Amino acid sequence: MTEWKVICKVDDIPVLGARRVQRAKGVEVAVFRNAEDKVFALLDQCPHKRGPLSQGLVFGETVVCPLHNWHIGLVDGCAHAPDEGCTTRFAVRVENGDVALDVNELNTLAIDDAPH
Numbered sequence: 001m002t003e004w005k006v007i008c009k010v011d012d013i014p015v016l017g018a019r020r021v022q023r024a025k026g027v028e029v030a031v032f033r034n035a036e037d038k039v040f041a042l043l044d045q046c047p048h049k050r051g052p053l054s055q056g057l058v059f060g061e062t063v064v065c066p067l068h069n070w071h072i073g074l075v076d077g078c079a080h081a082p083d084e085g086c087t088t089r090f091a092v093r094v095e096n097g098d099v100a101l102d103v104n105e106l107n108t109l110a111i112d113d114a115p116h
């Protein structure tokens, strides 16, 4: 059974922006909000050069990495062609305006957490 941890309210995330969430171990999680108030969560690093996705521009269901303009899908964490690679995606639940993340996912090291 999934254990959810409420991390903020939807309104705490800027529209077309992100909020960073600390984890016990590893890279922070970036929680994004688009113009339709959909909420997504990805590991806060681009699969290309590990740029901070939380500082990128959000449009539709995409975030643009601030370092090299890679377009990363917020639904799957994968780069749009012709670029290749993915970052870890985290499950998100929004209920009564509260945004929650899966506790087990937050506590598990992602492949992307390993130093390169």
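At position 82 of the sequence shown the residue is numbered 82 (full-length UniProt numbering), and the sequence of numbers has no breaks. C-beta atoms are modelled at their ideal positions from N, C-alpha and C, and glycine is treated no differently. Note that this is a predicted model, so its numbers are computed, not measured.
Worksheet entry | Inter-residue Cα distance where the pair is Asp11 and Gly97 | Stepping through the sequence shown from its first residue, residue 11 is reached at position 11. Stepping through the sequence shown from its first residue, residue 97 is reached at position 97. If you draw a straight line from the Cα of Asp11 to the Cα of Gly97, it comes to about 8 Å.
Discussion item. Suppose the cutoff is 7 Å on Cβ atoms and the five residues either side in sequence are ignored; what does the same chain contact list for Cys46 look like?
Written reply: The residue you call residue 46 lines up with position 46 of the sequence shown. Only residues of its own chain outside the window of five on either side were considered, and among them Leu53, Cys65, Leu67, Trp70, Ile72 and Thr87 have a CB closer than 7 Å to the CB of Cys46, listed in chain order.
Item to complete: Between the Cα of Phe40 and those of Leu106, Val92 and Asn104, spot the shortest distance and give me the residue it belongs to.
Response: Start at 1 with the first residue of the sequence shown, and residue 40 comes out as number 40. In terms of Cα proximity to Phe40, the closest of Leu106, Val92 and Asn104 is Val92.
Worksheet item: For the candidate residues Val6, Leu101 and Arg33, whose alpha-carbon lies nearest to that of Gly56?
Response: Counted from its first residue, the sequence shown places residue 56 at position 56. Comparing Cα-Cα distances from Gly56 to each of Val6, Leu101 and Arg33, the minimum goes to Arg33.
Worksheet item: Candidates Val99, Val103 and Glu105: which alpha carbon is nearest Cys8's?
Response: As a working mapping, residue 8 is identified with position 8 in the sequence shown. For the residues Val99, Val103 and Glu105, the minimum Cα distance to Cys8 belongs to Val99.
Worksheet item: Which runs of the beta strand (DSSP E), 3 residues or longer, sit entirely within the UniProt domain "Rieske" (4-101)?
Response: Listed in chain order, the complete beta strand (DSSP E) runs (minimum 3 residues) inside the UniProt domain "Rieske" (4-101) are 4-9, 17-21, 29-33, 39-43, 57-59, 62-64, 71-73 and 92-95.
Fill in: Pick from Leu42, Asp44 and Glu95 that is closest to Val6, judged by C-alpha positions
Taking the sequence shown and counting its residues from 1, one reaches residue 6 at position 6. Answer by Cα proximity: Glu95.
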